[in-house]
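Everything below concerns the one structure shown next.
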Amino acid sequence: MIFLNFLISGISLGSIYAIIALGYTMVYGIAKMLNFAHGDVIMVGAYVCFYAVSRYGLNPFAGVALAMLVCTVLGMVVERLAYKPLRQAPSLAVLITAIGMSYFLQNTALLLWSSNPKVFPSIIGRGAFKLFDGRLSVSHVTVLTIASCVVIMAVLSLFIGKTRLGKAMRACSEDKGAAQLMGINVNATISLTFAIGSGLAAIAGALLCSAYPTLMPTTGALPGIKAFTAAVFGGIGSIPGAFLGGIMLGVIEIFAKAYISSQLSDAVVFAVLIIVLLVKPAGLLGRMTQEKV
71 MIFLNFLISG
81 ISLGSIYAII
91 ALGYTMVYGI
101 AKMLNFAHGD
111 VIMVGAYVCF
121 YAVSRYGLNP
131 FAGVALAMLV
141 CTVLGMVVER
151 LAYKPLRQAP
161 SLAVLITAIG
171 MSYFLQNTAL
181 LLWSSNPKVF
191 PSIIGRGAFK
201 LFDGRLSVSH
211 VTVLTIASCV
221 VIMAVLSLFI
231 GKTRLGKAMR
241 ACSEDKGAAQ
251 LMGINVNATI
261 SLTFAIGSGL
271 AAIAGALLCS
281 AYPTLMPTTG
291 ALPGIKAFTA
301 AVFGGIGSIP
311 GAFLGGIMLG
321 VIEIFAKAYI
331 SSQLSDAVVF
341 AVLIIVLLVK
351 PAGLLGRMTQ
361 EKV
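Every number in the working numbering is 70 more than the matching position in the sequence shown, counting from 1.
Given below as structure tokens:
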């Protein structure tokens with residue numbers, strides 16, 4: 071039962087990584103940009119949800135909805151101000167801008183909300199389901215996290231595969247120039263991608279802080295890096311890859327903490343990533359592409 075407890079905890083943590091990884095993989099898959107400010111959008115969403123619930127007394131799910139709205143607008147503003155002017159710039163300029171935007175959001179959060187840790191209220195309480203005569207305990211937050219991840223992945227896959235906007239995203243991912251010639255508004259499509267990724271980041275922030283209640287301006291930094299690792303692990307640009315990479319990364323991290331060392335768990339996670347990329351550079355579900363130079 072101990073093994074099963076660890077496995078469920080790993081899947082729960084991996085589900086959060088998978089939701090966050092969607093923001094990275096969608097933006098990279100369509101705009102070919104690495105948005106390293108994505109982890110800080112998670113933090114903003116968590117703070118908005120925290121104040122909506124604890125200070126203004128909103129229902130927790132209404133708080134999450136408000137956080138999604140704020141983060142969606144924030145994602146579109148960040149794309150318009152920081153990334154759109156660099157659409158044709160070298161990738162290094164985009165990377166430096168993304169890091170700068172990350173520090174800007176962190177320091178703005180410090181000014182607005184201070185560096186004092188805050189205890190985040192759980193979305194659905196701290197209760198748990200008891201199975202096998204109490205030998206297996208699964209918290210309500212764990213069930214909600216896993217269910218949310220599965221629903222989000224299913225809805226997003228249907229959206230990308232079946233709707234006109236989803237097809238426009240896939241067209242922009244393949245060839246922006248050809249998509250524009252076919253009448254697709256590439257700028258609006260990229261803005262929509264940032265909006266969706268940022269809205270999902272708000273959900274991930276609320277789930278992350280429900281499972282690990284301490285909230286600080288740096289809350290999203292490390293989970294953001296690990297989620298980016300999950301996106302690369304599964305194959306950046308692939309939505310199923312983000313799901314698989316996130317789940318596997320969460321399970322590896324929890325088992326490394328349990329059976330190796332809590333201090334070395336992050337090292338184990340990144341070591342596994344290095345091994346996977348040495349064997350399969352495109353990631354588990356990624357595909358190799360050739361570019362003419």
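Glycine included, each C-beta is placed from N, C-alpha and C at the ideal position. None of the values given here were measured: they were computed from a predicted structure.
Item                                                                                                                              : Value
Local conformation of residue 363 per DSSP, three classes                                                                         : The predicted model places residue 363 with a pLDDT of 48, which falls under 50 and marks its position as unreliable; any figure quoted below should be read in that light. Residue 363: coil per DSSP, three-state reduction.
Test item: CB-CB of residue 107 and residue 301 under 9 Å                                                                         : no
DSSP bridge partner residues for residue 386 (one or two, in chain order)                                                         : Residue 386 lies beyond the range of the chain shown here (71 to 363); nothing can be said about it.
Element boundaries [alpha helix (DSSP H), containing residue 263]                                                                 : 256-281
Alpha-carbon spacing of residue 363 relative to residue 137, whole angstroms                                                      : Residue placement at residue 363 is poorly supported in this model, since its pLDDT is 48, which falls under 50; the coordinates still yield a value, given next. Rounded to the nearest angstrom, the two C-alpha atoms are 44 Å apart.
Residues sharing a beta bridge with residue 189, DSSP                                                                             : 284
Beta-carbon proximity check, residue 122 vs residue 211, cutoff 9 Å                                                               : no
Spatial neighbours of residue 290 in its chain, beta-carbon cut-off 6 Å, leaving aside the 5 residues before and after            : 109, 110, 112 and 113
Continuous alpha helix (DSSP H) stretch holding residue 235: start and end                                                        : 234-244
Expected contact under 8 Å - CB spacing of residue 355 and residue 305 to nearest Å                                               : 4 Å
Residue 293 - DSSP class collapsed to helix/strand/coil                                                                           : helix
Chain-order list of residues whose beta-carbon lies under 6 Å from that of residue 140 (same chain, five-residue window excluded) : 118
4-residue-minimum alpha helix (DSSP H) runs that sit fully inside the stretch 100-128, ordered along the chain                    : 108-124
Cβ-based neighbour list, residue 188, same chain, cut-off 7 Å, excluding 5 preceding and 5 following                              : 120 and 285
Residue 336, enclosing alpha helix (DSSP H) - first and last residue                                                              : 335-349
Residue burial classification, residue 255 (beta-carbon count within 10 angstroms, cutoff 16)                                     : exposed
Reduced DSSP secondary structure (H/G/I, E/B, other) of residue 71                                                                : coil
Best match in 195, 175 and 150 for proximity to residue 258 [C-alpha to C-alpha]                                                  : 150
Local Cβ density within 10 Å of residue 252, reported as buried at 16 or more and exposed below that                              : exposed
DSSP-derived helix/strand/coil call for residue 305                                                                               : coil
Sequence-distant residues of its chain with Cβ nearer than 7 Å to residue 287 (five each side left out)                           : 113, 176, 179, 180, 183 and 185
Alpha carbon of residue 161 to alpha carbon of residue 171, nearest angstrom                                                      : 15 Å
Among 131, 235 and 267, the one whose alpha carbon lies nearest that of residue 143                                               : 267
CB contact flag (residue 81, residue 293, <9 Å)                                                                                   : no
Separation of residue 244 from residue 279, as counted between CA atoms                                                           : 36 Å
Simplified DSSP assignment, three categories, for residue 330                                                                     : coil
Residue 129 classed as buried or exposed, judged by whether at least 16 other C-beta atoms fall within 10 angstroms               : exposed
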